[in-house]
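Numbering (the working numbering), first residue to last: 331 to 830.
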C-alpha cells in the first residue's frame with residue numbers, strides 16, 4: 331500500500347514537471363511568436379513608409395521640374411544649383427588628335443592620354459596612370475597639393491611615345507575633372523566654393539582652380555593648356571555623346587548621385603552672355619540636394635540625416651545613392667535587434683557601428699539566389715559578427731534590402747522623369763520620333779543589378795509604352811576621365827584645325 335502511494339506521488343511529480351516544461355515551451359513559443367510578429371510589424375511599417383506608387387513618383391517628378399525652373403531662374407532660387415557648365419560644344423565624334431585629362435575626385439587622381447582618330451576613327455589609343463594622394467597633402471597648402479599632382483602629370487607626359495607627338499605649333503590640351511563644388515565662370519575657369527571628401531585646404535577657397543593647376547604645371551615645365559573644367563556627370567554626358575548623338579541626359583548613381591542635361595540656351599533666364607552657336611548649354615543640376623514633401627522619408631532617414639556631417643542637405647542623395655543605402659538597412663536591423671531581440675537576447679555590438687554595412691555588401695545579399703541564402707549568412711557573420719541565423723531571418727534581411735533599394739531606384743527614375751518633363755520629352759509627339767538617350771555611370775548603377783533593373787523598368791512605367799520606345803538608357807563608362815579628354819577636344823583652341 332505504501333509503495334502504491336510512492337508511485338502515485340512520483341507520477342504526480344513527473345506529470346507536474348512535464349506540464350511545467352510544456353508550459354515553458356508554450357510560453358517560449360508564444361514569446362518567439364510575439365517577437366516575430368513585432369519584427370514583421372517593423373518590416374511592414376518600413377515597406378509602407380518607403381512606398382513609391384506611380385502617383386507619388388509623378389508628384390516627385392513634377393516637384394523636380396518645378397525646382398529645375400526655379401534654379402535656372404535665379405541664383406539660390408532652388409535647392410537645385412542648376413549650374414551653367416559653359417559646355418556648349420559637346421563632342422561629335424569628329425575630334426582628332428592627342429588630348430589629356432586629369433581626374434581629381436577623391437583620395438586618388440588619374441592622368442589620362444587619349445588619341446582620337448577623327449571621323450570613323452574613334453578612340454585610337456588611351457593610357458592612364460593612377461596616383462594616391464598622401465593624407466598630409468589633403469590638409470596642407472594648395473601649392474603642395476597641386477605641385478604633387480603636376481609632378482605626377484609631368485612624369486606621365488614624359489612617357490609619351492613617338493605616336494603621341496603634336497604637330498608644330500600645337501600645345502598639349504587637357505580636360506580637368508574636378509569633382510568638388512565650384513562656381514564656374516567659363517569653360518576653362520572656376521572658383522572653388524569648398525573642399526569636401528576629407529580635403530581641407532583653406533588657402534584655395536575662392537581661388538580659380540584652373541589657375542592654381544596651371545601655375546603648378548608651369549613650375550614643373552609642363553606646356554599644357556587646360557581647355558575644359560568639368561565634373562564627372564558632365565564628363566559622362568560628353569563620353570556618351572561622343573558615341574551617340576542622341577545623348578541628352580547623364581546621371582551618376584554611385585557613392586553619390588548627380589544629373590546633367592542639355593538645355594536650350596534661350597531657356598536659361600540667368601544666362602547673360604552671347605548665345606552659343608549651338609544654341610545649347612549643359613546644365614549641372616546637383617540634384618542630390620533636391621528635396622520635396624513628396625519624398626517618402628522614414629524615421630531612419632531623418633535620424634541618419636540629423637547625425638550626418640551635412641544635416642538638411644543632400645536629402646535626395648541620402649535615399650538614392652550608394653553611400654547611404656546599406657546604412658539605412660543597418661539602422662532598421664539595429665532597431666529590430668534592440669526592440670524585438672531579432673538576433674537574440676543581446677544586440678550585436680557591430681550592428682551599432684554607423685556605415686559598417688556598405689551598399690556593395692547589401693547588394694551581394696540582395697542578389698543571393700542560393701537555397702539557404704548562405705551569402706546573406708556569411709555577410710552577417712563576417713561584417714556584423716552575427717552567427718547561426720535561421721533561413722527565416724535571412725529572408726527578412728533580403729526583404730529589407732529589397733525595400734530600401736526599390737525605393738531608391740524608383741525615386742531616381744522619378745528624377746529622370748522630371749528632367750524629361752523639363753525638356754518636353756515625356757510625352758509622344760505626333761509624327762515625330764524624338765530619340766532621347768540617357769547616359770548612366772557610377773558603381774551603384776553598374777554593379778547593383780536589382781537597383782538598375784528596377785530604375786530602368788520604372789522609367790518605362792512612368793513614361794508609358796509609346797514614349798519608352800524613344801528612350802534608351804546606356805552605360806557610359808569612365809566619363810570622369812575619357813569624357814574630360816573629349817571635352818578638351820571639343821573645346822580645343824585649335825578646333826578649326828581639328829575640323830579641317
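Note that CB positions come from ideal geometry on N, CA and C, so glycine has one too.
Per-residue DSSP class, three states only, for residue i
i: residue 794; result: helix
i: residue 375; result: helix
i: residue 584; result: coil
i: residue 770; result: strand
i: residue 566; result: helix
i: residue 364; result: helix
i: residue 399; result: helix
i: residue 611; result: strand
i: residue 834; result: For the chain, the structure presents residues 331 to 830; residue 834 sits outside this window and is missing.
i: residue 593; result: strand
i: residue 783; result: helix
i: residue 352; result: With a pLDDT of only 48 at residue 352, under the threshold of 50, the placement of this residue in the model should not be trusted; the figure read from the coordinates follows. Three-state DSSP puts residue 352 in a helix.
i: residue 820; result: helix
i: residue 740; result: helix
i: residue 548; result: helix
i: residue 555; result: strand
i: residue 405; result: coil
i: residue 439; result: strand
i: residue 801; result: strand
i: residue 578; result: strand
i: residue 571; result: helix
i: residue 390; result: helix
i: residue 727; result: helix
i: residue 538; result: strand
i: residue 762; result: strand
Local Cβ density within 10 Å of residue i, reported as buried at 16 or more and exposed below that
i: residue 443; result: buried
i: residue 637; result: exposed
i: residue 437; result: exposed
i: residue 369; result: buried
i: residue 663; result: buried
i: residue 602; result: exposed
i: residue 685; result: exposed
i: residue 628; result: buried
i: residue 425; result: buried
i: residue 763; result: exposed
i: residue 402; result: buried
i: residue 704; result: exposed
i: residue 533; result: exposed
i: residue 788; result: buried
i: residue 625; result: buried
i: residue 727; result: buried
i: residue 518; result: buried
i: residue 524; result: exposed
i: residue 701; result: exposed
i: residue 588; result: buried
i: residue 499; result: exposed
i: residue 715; result: exposed
Contact belief for residue i with residue j at Cβ below 8 Å, rounded distance in angstroms
i: residue 811; j: residue 459; result: With a Cβ gap of about 11 Å, residue 811 and residue 459 do not count as contacting.
i: residue 836; j: residue 623; result: This structure does not reach residue 836, given that the chain is present from 331 up to 830, and the question cannot be answered.
i: residue 414; j: residue 598; result: 7 Å
i: residue 542; j: residue 472; result: 6 Å
i: residue 479; j: residue 546; result: 7 Å
i: residue 800; j: residue 765; result: 6 Å
i: residue 513; j: residue 505; result: Not confirmed; about 19 Å, so no contact.
i: residue 767; j: residue 576; result: 4 Å
i: residue 572; j: residue 421; result: 4 Å
i: residue 387; j: residue 740; result: 6 Å
i: residue 327; j: residue 619; result: There is no way to answer for residue 327, as the model of the chain reaches only from 331 to 830.
Closer than 7 Å to chain D by CB, residue i
i: residue 798; result: Going by chain labels, chain D is absent from the structure shown, which holds only one protein chain.
Check: residue i C-beta below 6 Å from any heavy atom of the ligand GTP
i: residue 433; result: No copy of the ligand GTP occurs in the structure displayed, which carries no ligand at all.
For the region 561-569 against the region 804-816, are there 3 or more C-beta pairs whose distance is under 8 Å? yes
Exercise. Within the region 625-708, note down every full alpha helix (DSSP H) run reaching 4 residues or more, in order along the chain.
Key: 629-636, 645-650, 655-670, 689-696
May I ask you to verify whether the region 432-447 touches the region 625-632, counting CB pairs closer than 8 Å and requiring at least 3? no
Could you tell me whether the region 688-696 touches the region 666-674, where touching means 3 or more Cβ pairs closer than 8 Å? no
Check: Should the region 372-386 be regarded as contacting the region 737-755, the criterion being three or more beta carbon pairs within less than 8 Å?
Finding: yes
* What are the start and end residues of each continuous alpha helix (DSSP H) run of 4 or more residues lying completely inside the region 441-529, in chain order? -> 472-488
| message | With three or more C-beta pairs closer than 8 Å as the rule, is the region 747-754 touching the region 387-398? | response | yes
Decide yes or no for the touch test of the region 576-591 against the region 768-775: beta carbon pairs closer than 8 Å, at least 3 of them.
yes
For the region 408-433, list the beta strand (DSSP E) runs that are entirely contained and at least 3 residues long, ordered along the chain.
-> none
Contact the region 612-619 vs the region 406-425: 3+ CB pairs below 8 Å: yes
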